[in-house]
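Protein sequence lines correspond, in order, to chains A and B. Heads up, the first sequence is in my numbering, so the first residue is 8 and it goes up one at a time. Heads up, the second sequence is in my numbering, so the first residue is 8 and it goes up one at a time. C-beta atoms are modelled at their ideal positions from N, C-alpha and C, and glycine is treated no differently. Owing to the predicted nature of the structure, the values given are computational and were not obtained by experimental measurement.
Number of protein chains: 2
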Amino acid sequence: MPSRPTMHDVARVAGVSAKTVSRVVNDEPRVDPLTRERVVQAIASLGFQRNEQARSLRPGQRSTLIGMVTGDLGNPFYSAIARGIEEVGRLHGYLLLSSSSEEQPARERQLIEALLRHNVEGLLIVPAAGDHRYLTSAMLSDVPLLVIDRPITGGHEFDTVVLENRQGAFDVVSALIRAGHRRIGVIDGDSEVYTGSERMQGYFSALEHAGLTPEVSLIRRGFHGGSQAERATLELLHQAQPPTAIFATNNRIAVGVLSGMKGAGKWLPLACFDDFELADMLPVPVTVVTYDAAEMGRSAAELLFARLKGFTGAPVTKSLPVQVRTYPTVHS
Amino acid sequence: MPSRPTMHDVARVAGVSAKTVSRVVNDEPRVDPLTRERVVQAIASLGFQRNEQARSLRPGQRSTLIGMVTGDLGNPFYSAIARGIEEVGRLHGYLLLSSSSEEQPARERQLIEALLRHNVEGLLIVPAAGDHRYLTSAMLSDVPLLVIDRPITGGHEFDTVVLENRQGAFDVVSALIRAGHRRIGVIDGDSEVYTGSERMQGYFSALEHAGLTPEVSLIRRGFHGGSQAERATLELLHQAQPPTAIFATNNRIAVGVLSGMKGAGKWLPLACFDDFELADMLPVPVTVVTYDAAEMGRSAAELLFARLKGFTGAPVTKSLPVQVRTYPTVHS
DNA sequence: GTGAAAGCGCTAACAA
DNA sequence: TTGTTAGCGCTTTCAC
C-alpha cells in the first residue's frame, strides 16, 4: 500500500531541505542548476506529486478549483454549458467540481455550501427557481458567483450570461408569419421560468409587429414534460379553428408537439427554440432558434476568471446571440 | 471583503476552545448540551462553514472528493454517466471533479494526475484509446480506479463496468433477420474501439446463427463522424446489390446513415446501437439497442464506494444488460 | 466534559 | 543559494 511521497521525502532523497524542493516545484528562480537537477531526479524517482490541498491551505494561495451547479448534469443543454466552463477552466489550470440541483432550491443551496466548504475560488450556477437572497456576500465571502441562462431576481446582483431569448423567439415566429401563417399556436414550457416568459414575449412581439392579434385559444402555457405538451397539442389541433403552425418554446416541448401531431395525424410546420438533431428528417418543415450552449459556459467562465484576476466594477450582464435556421421536410 | 470564519473565531465567540467547536461540528458525543448550544449559536451567528481542505489534510481523514475523466463532458452519453456518478457520490457526501480528455491519451493522463494532486479518493474514467500502463499502483497510491464503457487492455487490472455490446448487437441484427432481411449492411464507427469491435462481433454472430454468410460489400468500417457515415451509406445504397436494411453501430453513425438515405432517396429499415430521440418520427422503421447510461455511472460509483469502504478482492467486471426496442415508421 | 500541544504538507518571511 | 521557523485550519493525542 504505497502512500504518496511528500516534499520531505523528496528533500531527504535529494539531500536538501523541503523549502528547496518547494522552490523547484514552483519554478522559483534562485536555485542552483545542480541542486535543481538533483531535486528533479528525486521527484521523478519517487513519483512525487504536490498535494494541492496542503498548498492551498496557505493564505494567499489559490485552490485552483471552481464549482458549478446546474439542474441536471445529464441534460445535454446543461452538460454543454459544463463543457464550456471546463474548457476555459482547464486553460487557466483549474479543475471543475460539478453538481446537479435537480432544480430543487434546497438542494442547490446545499451544493453551493458544499462547494464553498471545499474552497472553490468561483461558482457558476444555472439557478433553480426560487429565492436566492441567501446568497449574501457574507456567505460567499469574496467568491465570485456567475449566473447562467436565467438571471437571479431580487437581492444581490451578480454577473450574468443569458441568451437573446426574446429576440430569438421574435425572429422564429416572424419567419412563420413571413411564410404566410396567421394562426400560430404556441406551447410554452414552464412559463414561470425566465426563459419561457422571455420567449413568450418574443412571440407576442412578433404577432404585434405583424399586426396580428393574439388568440387565447391558440396559446397553451405551463407544460413541463413532453407528454403534457403532447396532450396540449392534441387539444390545439382538434379545436374548431386550429392553428396552421406551432411554436414550441423549447426542444422538449417540441418533441411532445411532434408526438401530438403524429397522434392526430395532422402535420403542421413547427417552430422551436433550441436546435435538435434529425430536425431535417421530419415530415414537417422545422424552423429552430439555434445557439451555442457551450459558449454560454465559456463566456461565463471567462468573466469569472476576469473577476479572479481582479476585475472589479458593477455586475455585467451578457446576452449571447441566437440564430434562426430552417430545415426542409423529408418526403418519404 | 469578508473572509471565512474559522473554528477559532467560533471558539472565541462561544467562549470555548477550538477543539470543542470541532467536537460539535463533528457530532461527537461527550459535549455538555449547554456548551453545544452555545457553540451552535456561535456557528450560526458567524455563518461558519468548515474548511474541508484543512480537515482532509489530517492523516486518516477523507477528502470527500472523487474524480472523473471522460472523452467529452458535453457528449450526452458521457454526461449521463457523469450524472449517475454524481448521484451516487452525493448520497455518500462526495463531490465530483469532472473533466474531459477529448479522447487524447496525453490529456487524459494529465487530468488523472491533476485529480490525484487534488487528493481525490477515487477515480472513474472512460478511457481514451492508447496505452494505460502508466496507471501503476505507485502512481495511484491506493486510490481505486474504475473503468467505464471500455476495458483497459494490458497491464494492471481494474474494476470495470461495460455494456453487453455483443449481445445487444446480436439481438438487434437478429431482429432484422427475423423481419426477413438477408442482406444487412453495417456501418461501424471506430472499429479499433472496444465497443465498435464488440458490436461488429455481435453482427457476425447473428448472421452466422441464422446461417447467413457475411458479405464484404455490405460492410463498411472505421468511420468517425456522421458525414463519413453518410458517404459510406451512399456507396452501400448505390452498388449493384444493395442491402435491404442497415445496422449502425452507434447513434452518431445512425444520423449519418439517415442523411445518406435521404440523399439517395432510398429509405431502408435501420438498426442501431444506442437509442435516440425522434426515432419514432422517421420515414423508416428503426430498431435500437437501448440501455441506461446513467446506470453505468451509478454501478461504477457504487463499486468505487465499496472499495473505499474496504471491499477487497480481485477486480470485478460488470456487464450491464441492454434491450432491443422497435419504433414504427411515421407516414406523412 | 474540556483544553493544550502537536502536526498533516506546504510555503512566506526571515536568517545564514 | 539554501535552510529554519512558523503557521494556514483542522483533528488527534493526552492531559486535566
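Exercise. At a Cβ threshold of 8 Å, is B/Lys269 touching chain A?
Worked result: Any Cβ of chain A closer than 8 Å to the Cβ of B/Lys269 would place that residue at the interface, and such an atom is present.
Problem set entry | Chain-ordered residues of the segment 43 to 68 of chain B with a beta carbon less than 7 Å from chain A | For chain A, the residues of the segment 43 to 68 of chain B that bring a beta carbon within less than 7 Å of one of its beta carbons are Gly54, Gln56, Arg57, Asn58, Glu59, Gln60, Ala61, Ser63, Leu64, in chain order.
For this session: Return helix, strand or coil for B/Ser148, following the three-state DSSP convention.
Result: Coil.
For this session: Compare the C-beta of B/Ala145 against all C-beta atoms of chain A and say whether one is closer than 8 Å.
Result: A Cβ of chain A is located within less than 8 Å of the beta carbon of B/Ala145.
For this session: Determine whether the Cβ of A/Pro322 lies closer than 8 Å to any Cβ atom of chain B.
Result: By this cut-off, A/Pro322 is not an interface position.
Problem set entry | Exposed unless 16 or more other CB atoms sit within 10 angstroms - verdict on A/Ser10 | Under this definition A/Ser10 is an exposed residue.
For this session: Note the first and the last residue of the continuous beta strand (DSSP E) segment covering A/Tyr334.
Result: It spans 330 to 334 - the beta strand (DSSP E) in which A/Tyr334 sits, taken as one unbroken run.
Problem set entry | DSSP state of A/Thr167 mapped onto helix, strand, coil | In the three-state reduction of the DSSP assignment, A/Thr167 falls in the strand class.
For this session: Starting from B/Ser224, follow the beta strand (DSSP E) in both directions and report where the run begins and ends.
Result: Looking at the DSSP string, B/Ser224 is not in any beta strand (DSSP E), and its letter there is neither H nor E.
Exercise. In the segment 111 to 126 of chain B, which residues sit with their C-beta less than 8 Å from some C-beta in chain A, listed in chain order?
Worked result: Here the close residues are Glu120, Ala121, Leu122, Leu123, Arg124, His125, Asn126.
Exercise. Does the distance from the CB of A/Ser326 to the CB of A/Glu205 come in under 8 Å?
Worked result: No Cβ-Cβ contact shorter than 8 Å links A/Ser326 with A/Glu205.
Exercise. Looking only at its own chain, which residues have a Cβ that is under 6 Å from the Cβ of B/Gln137, when we skip the five neighbours before and after it?
Worked result: Note that residue 137 of chain B is Gly in the sequence shown, not Gln. Cβ within range, chain order: Pro112.
Exercise. Using a beta-carbon distance below 8 Å, is A/Leu315 in contact with chain B?
Worked result: A/Leu315 does not count as touching chain B.
For this session: Figure out for me which residue from A/Gly317, A/Gly304, A/Leu241 has the closest Cα to the Cα of A/Gly91.
Result: Of A/Gly317, A/Gly304, A/Leu241, the residue nearest in Cα terms is A/Gly304.
Exercise. If we count Cβ pairs, one from each stretch, closer than 8 Å, do we get three or more for the segment 69 to 81 of chain A versus the segment 86 to 105 of chain B?
Worked result: Yes: at least three Cβ pairs fall under 8 Å.
Exercise. Under the three-state reduction of DSSP, which class applies to A/Gly229: helix, strand or coil?
Worked result: Coil at A/Gly229, not helix or strand.
Exercise. Where does the unbroken alpha helix (DSSP H) through A/Lys26 begin, and where does it stop?
Worked result: Per DSSP, the continuous alpha helix (DSSP H) segment holding A/Lys26 begins and ends at 25 to 32.
Exercise. Taking the Cβ atom as the reference point for each residue, do A/Gln117 and B/His125 lie within a distance shorter than 8 Å?
Worked result: Contact: no.
Exercise. By Cβ distance below 8 Å, which residues in the same chain neighbour A/His216 in space, the five residues on each side in sequence not counted?
Worked result: Leaving aside the five residues that flank A/His216 on each side, the residues in its chain whose CB is nearer than 8 Å to its CB run, in chain order, Phe177, Ser181.
For this session: Examine the Cβ distances between the segment 81 to 90 of chain B and the segment 22 to 39 of chain B and report whether three or more of them are shorter than 8 Å.
Result: No, because fewer than three Cβ pairs between the segment 81 to 90 of chain B and the segment 22 to 39 of chain B fall closer than 8 Å, the two stretches do not touch.
Exercise. Grouping DSSP H, G and I as helix and E and B as strand, with all else coil, what is B/Phe318?
Worked result: Looking at B/Phe318 - three-state DSSP - the assignment turns out to be coil, as it is neither helix nor strand.
Problem set entry | Under 7 Å (Cβ pairs) to chain A, residues found in the segment 280 to 306 of chain B | For the segment 280 to 306 of chain B, which is checked against every Cβ of chain A, the residues closer than 7 Å are Glu284, Leu285, Met288, Leu289, Pro290, Ala301.
Exercise. Which chain A residues are close to B/Ser234, counting only those with a beta carbon under 9 Å from its beta carbon?
Worked result: Chain A residues near B/Ser234: none, gap ~14 Å exceeds 9 Å.
For this session: Answer with yes or no whether the minimum CB distance from A/Val337 to chain B is below 8 Å.
Result: Nearest CB-CB separation between A/Val337 and chain B: below the 8 Å threshold.
Exercise. Cβ of A/Trp274 within 8 Å of Cβ of A/Val291?
Worked result: Taking the C-beta atoms as reference points, A/Val291 is found nearer than 8 Å to A/Trp274.
For this session: For B/Pro276, go through chain A and note every residue whose CB falls closer than 9 Å to its CB, in chain order.
Result: The contacting residues do not exist; B/Pro276 stays about 13 Å from chain A at best.
Exercise. Interface residues of chain B around A/Glu215 at Cβ under 7 Å?
Worked result: Result: empty, since nearest Cβ-Cβ is about 33 Å, beyond 7 Å.
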